[in-house]
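Trainee: Heads up, the sequence shown is in the numbering used here, so the first residue is 312 and it goes up one at a time.
Dropping a structure here in structure tokens format, bear with me for questions.
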Amino acid sequence: MEKGILIVISGFSGAGKGTIVKKLLKTYDNYALSVSMTTRSPREGEREGIEYFFTDQESFKKEISAGGLIEYAMYCGNYYGTPRGYVEDQLQAGRDVILEIEIQGALKIKEQIPECLLLFVTPPSAKELERRLTDRGTESDDVIRRRLARASEESEGMEAYDYIVVNDKLDECVREINGLVDAARRAPVRRKAFIKEIRDELKEFAKGAE
Ligand code: 5GP
Numbered sequence: 312m313e314k315g316i317l318i319v320i321s322g323f324s325g326a327g328k329g330t331i332v333k334k335l336l337k338t339y340d341n342y343a344l345s346v347s348m349t350t351r352s353p354r355e356g357e358r359e360g361i362e363y364f365f366t367d368q369e370s371f372k373k374e375i376s377a378g379g380l381i382e383y384a385m386y387c388g389n390y391y392g393t394p395r396g397y398v399e400d401q402l403q404a405g406r407d408v409i410l411e412i413e414i415q416g417a418l419k420i421k422e423q424i425p426e427c428l429l430l431f432v433t434p435p436s437a438k439e440l441e442r443r444l445t446d447r448g449t450e451s452d453d454v455i456r457r458r459l460a461r462a463s464e465e466s467e468g469m470e471a472y473d474y475i476v477v478n479d480k481l482d483e484c485v486r487e488i489n490g491l492v493d494a495a496r497r498a499p500v501r502r503k504a505f506i507k508e509i510r511d512e513l514k515e516f517a518k519g520a521e
């Protein structure tokens, strides 16, 4: 069986990544979502093992030393990291694994797994981003300001991604992302067995023509 595709979804805080990912998982059955580990405190309604594995700095550092994380990064004063085991198992089982992570982590993943798909999700404008962050109502003004400043920094890295996806209408955005994943399945790096087969067959035909 062909291994699954590792899909990294990044984007400004407030771009709607969480909603997009939920919808992708609900609409299509080929996706699996990696749950990250973080030292950030849970927001209201967040559950252990669903949104994140919540932990403290000491345990997080132990996980780093043990090689249990594929990547990790510091974001607004907290550690976030991707547990290795789940991702590798799911890819091996042919499922397309989604990592919803920020840019430093995305770049580390690309270094290790060059055939991964890096998607950057953004609202149509900066003004819209500010509106979405404010409307969410889960963060203080100070945190919103920090997240907007971080978004400005992150916008410098947008060129590193394979595709920029504008999240204006949710359904369209989800369809678009699924289309990009489908297209990635056709990349030569994922069609190695097919390429070999047709090449070998053609060689046989070519022999006959000699
Ligand atoms: P939040 O605190 O809003 O849940 O997440 C803050 C940022 O951390 C988001 O950009 C999110 O995508 C990113 N993030 C979540 N999990 C991980 C992870 O495992 N690794 C990295 N590098 N970033 C993560």
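Beta carbons are placed, not taken as given, at the ideal position from N, Cα and C, and that holds for glycine.
This one's a predicted model, so the numbers in the text were calculated from it and none came from an experiment.
Evaluate the contact criterion for the stretch 436 to 443 versus the stretch 499 to 515: three or more CB pairs, one atom per stretch, below 8 Å.
Mentor: Taking 8 Å as the limit for Cβ pairs, the verdict is that the stretch 499 to 515 does not touch the stretch 436 to 443.
Trainee: If I follow the unbroken beta strand (DSSP E) through Thr338, where does it start and stop?
Mentor: For the purposes of this step, residue 338 is identified with residue 27 of the sequence shown, where counting begins at 1. No beta strand (DSSP E) holds Thr338; the alpha helix (DSSP H) holding it covers 328 to 338.
Trainee: Shorter than 6 Å, the distance from the beta carbon of Tyr386 to the closest heavy atom of the ligand 5GP, or not?
Mentor: Residue 386 sits at position 75 when you count from the first residue of the sequence shown. Yes, Cβ of Tyr386 sits closer than 6 Å to a heavy atom of the ligand 5GP.
Trainee: Would you tell me roughly how many angstroms separate the C-alpha atoms of Glu487 and Ala520, rounded to the nearest one?
Mentor: Within the sequence shown, residue 487 is the residue found at index 176, counting from 1. Within the sequence shown, residue 520 is the residue found at index 209, counting from 1. So the alpha carbons of these two residues sit roughly 45 Å apart.
Trainee: Around the Cβ of Ser345, are there at least 16 other Cβ atoms within 10 angstroms (buried) or fewer (exposed)?
Mentor: Position 34 of the sequence shown, counted from the first residue, corresponds to residue 345. Classification of Ser345: buried, given that the 10 Å Cβ count is 16 or more.
Trainee: Thinking just about the alpha-carbon of each residue, which of Tyr342, Gly396, Tyr390, Gly468 is nearest to the one in Ser321?
Mentor: Reading the sequence shown from its first residue, position 10 is the one you call residue 321. Of the candidates Tyr342, Gly396, Tyr390, Gly468, the one whose C-alpha sits nearest the C-alpha of Ser321 is Gly468.
Trainee: Which residues does DSSP pair with Ser347 in a beta bridge?
Mentor: On the sequence shown, residue 347 is found 36 positions in, with the first residue counted as 1. The partner list for Ser347 (beta bridge, DSSP) reads Tyr363.
Trainee: Return the first residue and the last residue of the beta strand (DSSP E) that Glu411 is part of.
Mentor: Within the sequence shown, residue 411 is the residue found at index 100, counting from 1. Its beta strand (DSSP E) spans residues 407 to 411.
Trainee: What does the Cβ neighbour count give for Ala326, buried or exposed, with the cut at 16 atoms within 10 Å?
Mentor: Looking up residue 326 in the sequence shown gives position 15. Looking at its Cβ environment, which holds 16 or more other Cβ atoms inside 10 Å, Ala326 is buried.
Trainee: For the ligand 5GP, is there a heavy atom less than 6 Å away from the beta-carbon of Thr393?
Mentor: Looking up residue 393 in the sequence shown gives position 82. Thr393 Cβ: within cutoff of the ligand 5GP.
Trainee: Hey, quick one: how far does the beta strand (DSSP E) through Ala384 stretch, first residue to last?
Mentor: Locating residue 384 in the sequence shown gives position 73, where the first residue counts as 1. Looking at the DSSP string, the run of the beta strand (DSSP E) that includes Ala384 is 380 to 386.
Trainee: Indicate, with yes or no, if the ligand 5GP has a heavy atom lying under 6 Å from the CB of Glu413.
Mentor: Taking the first residue of the sequence shown as position 1, residue 413 is located at position 102. Yes, the ligand 5GP has a heavy atom inside 6 Å of this Cβ.
Trainee: Classify Ile424 as helix, strand or coil using the three-state DSSP reduction.
Mentor: The count along the sequence shown starts at 1 and reaches residue 424 at position 113. It is coil, neither helix nor strand.
Trainee: Determine whether the beta carbon atoms of Thr393 and Ser347 lie at a separation below 7 Å.
Mentor: Indexing the sequence shown from 1 puts residue 393 at position 82. Indexing the sequence shown from 1 puts residue 347 at position 36. Cβ distance < 7 Å, so Thr393 and Ser347 count as in contact.
Trainee: Report yes if the C-beta of Arg351 is less than 6 Å from at least one heavy atom of the ligand 5GP; otherwise report no.
Mentor: Mapped onto the sequence shown, residue 351 falls at position 40. Correct: Arg351 has its Cβ closer than 6 Å to the ligand 5GP.
Trainee: Hey, would you say the C-beta of Gly360 is under 6 Å away from at least one heavy atom of the ligand 5GP?
Mentor: Looking up residue 360 in the sequence shown gives position 49. Not under cutoff, so the answer is no.
Trainee: In chain order, what residues of the same chain lie with their CB nearer than 8 Å to the CB of Val398, ignoring the 5 residues before and after it?
Mentor: Translated into positions along the sequence shown, residue 398 becomes position 87. Taken in chain order, the residues that qualify are Leu317, Ser345, Ile381, Val408, Leu410.
Trainee: The beta strand (DSSP E) that contains Gly322, what's its start and end?
Mentor: Counting from one through the sequence shown, the residue named residue 322 turns up at place 11. Counting along the chain, the beta strand (DSSP E) containing Gly322 begins and ends at 317 to 322.
Trainee: For the ligand 5GP, I want to know if Ser466 counts as a neighbour, meaning its beta carbon is within less than 6 Å of at least one of the ligand's heavy atoms.
Mentor: On the sequence shown, position 155 is the one that residue 466 refers to. Checking every heavy atom of the ligand 5GP against the Cβ of Ser466, none is found closer than 6 Å.
Trainee: Checking the sheet assignment: what are the DSSP bridge partners for Pro394?
Mentor: As a position in the sequence shown, residue 394 is number 83, starting the count at 1. Answer is Leu380, bridged to Pro394.
Trainee: May I ask you to verify whether the stretch 464 to 480 touches the stretch 422 to 432, counting CB pairs closer than 8 Å and requiring at least 3?
Mentor: With a cut-off of 8 Å, the stretch 422 to 432 and the stretch 464 to 480 count as touching, because enough Cβ pairs lie within range.
Trainee: Just how far apart, CA to CA, sit Ile420 and Thr366?
Mentor: Within the sequence shown, numbered from 1, the residue matching residue 420 stands at position 109. Within the sequence shown, numbered from 1, the residue matching residue 366 stands at position 55. Near 22 Å, if we compare the C-alpha coordinates of Thr366 and Ile420.
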